[in-house]
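Below is the structure:
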């Protein structure tokens, strides 16, 4: 699927994403931390937003949605389960549903953990996963409302997607997340190589996102619950379950 992906920096470290499908002149914005940078990016390219997809209710993902909708006529889409704390929705969706967006059939995926009612959007033809604050680049979101088991289930489902899927998460947290990963496994060559790349990228003031899911699977501690090397690094017994590994890693990240 020929789409153009635009990353729009917002606030201190947030990202909004814009997907433009030229064949149908369809423009979709995923999360709007603030409206002015997104409006500027759209105007510069002569695009008009058709849809705004929201992942969860936190202010740094939704505060610009109504302003952007008023300025462009875009329809706001979000989780039915979260509708009571989202901007007024033009369309409510639930996990398992599909959205016809341009030539795509976008899948609405459950993503509980960071919040309850969090959803993600998967564009299978374009190979894009908009994960909000669930799966992060080299990390995962803090468990503000959901449980470790819920987040583990979310990340396990994402892990089943193709390795070439591009993960588009909500924040520029990659380097900080990488420092945590290296605190667990300071000699892991995959982690060291990735950190070199991340620091070079950030040194040029470029986003570290999107990131291939395949890279996350081999470097993100929250996707490596079945890896005996990570289990040993955490000091857990050989029979510790992947959920137990995840839970311990998440607890350590909270204290990091």
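Numbering (UniProt numbering), first residue to last: 1 to 256.
All C-beta atoms in this analysis are idealised placements derived from N, C-alpha and C, irrespective of residue type, glycine included.
Bear in mind that the values here come from a model prediction, so they are computed numbers and not experimental data.
For the alpha helix (DSSP H) holding residue i, just list the boundary residues, first then last.
| i | result |
| --- | --- |
| residue 91 | Segment 91-93 is the beta strand (DSSP E) holding residue 91; no alpha helix (DSSP H) there. |
| residue 78 | Where residue 78 is concerned, there is no enclosing alpha helix (DSSP H), although the beta strand (DSSP E) it sits in stretches over 75-79. |
| residue 226 | Note, residue 226: premise wrong, no alpha helix (DSSP H); not H, not E. |
| residue 68 | 65-72 |
| residue 58 | Unbroken run through residue 58: none, as it is neither H nor E. |
In the DSSP output, which residue or residues are listed as bridge partners for residue i?
| i | result |
| --- | --- |
| residue 123 | 128 |
| residue 84 | DSSP output for residue 84 lists no bridge partner at all. |
| residue 14 | 10, 171 |
| residue 20 | 4, 27 |
| residue 136 | 139 |
| residue 166 | 128, 212 |
Taking residue i and residue j to be in contact with their CB atoms under 8 Å, please state how far apart those CB atoms are, rounded to whole angstroms.
| i | j | result |
| --- | --- | --- |
| residue 129 | residue 167 | 5 Å |
| residue 161 | residue 101 | Actually they do not touch by this definition, with Cβ atoms about 18 Å apart. |
| residue 57 | residue 33 | Actually they are not in contact, since the Cβ atoms of residue 57 and residue 33 sit about 13 Å apart, beyond 8 Å. |
| residue 78 | residue 66 | In fact, because the Cβ distance is near 12 Å, the residues do not count as touching under 8 Å. |
Does DSSP classify residue i as helix, strand or coil?
| i | result |
| --- | --- |
| residue 242 | helix |
| residue 110 | strand |
| residue 204 | coil |
| residue 104 | strand |
| residue 237 | coil |
| residue 247 | helix |
| residue 153 | helix |
| residue 44 | helix |
| residue 190 | helix |
| residue 219 | helix |
Can you have a look at residue i and say buried or exposed, based on whether 16 or more other CB atoms are within 10 angstroms of its CB?
| i | result |
| --- | --- |
| residue 253 | buried |
| residue 46 | exposed |
| residue 139 | buried |
| residue 115 | buried |
| residue 123 | buried |
| residue 20 | buried |
| residue 228 | exposed |
| residue 255 | exposed |
| residue 84 | exposed |
| residue 14 | buried |
Mind checking which residues open and close the beta strand (DSSP E) that includes residue i?
| i | result |
| --- | --- |
| residue 51 | 51-53 |
| residue 100 | 98-101 |
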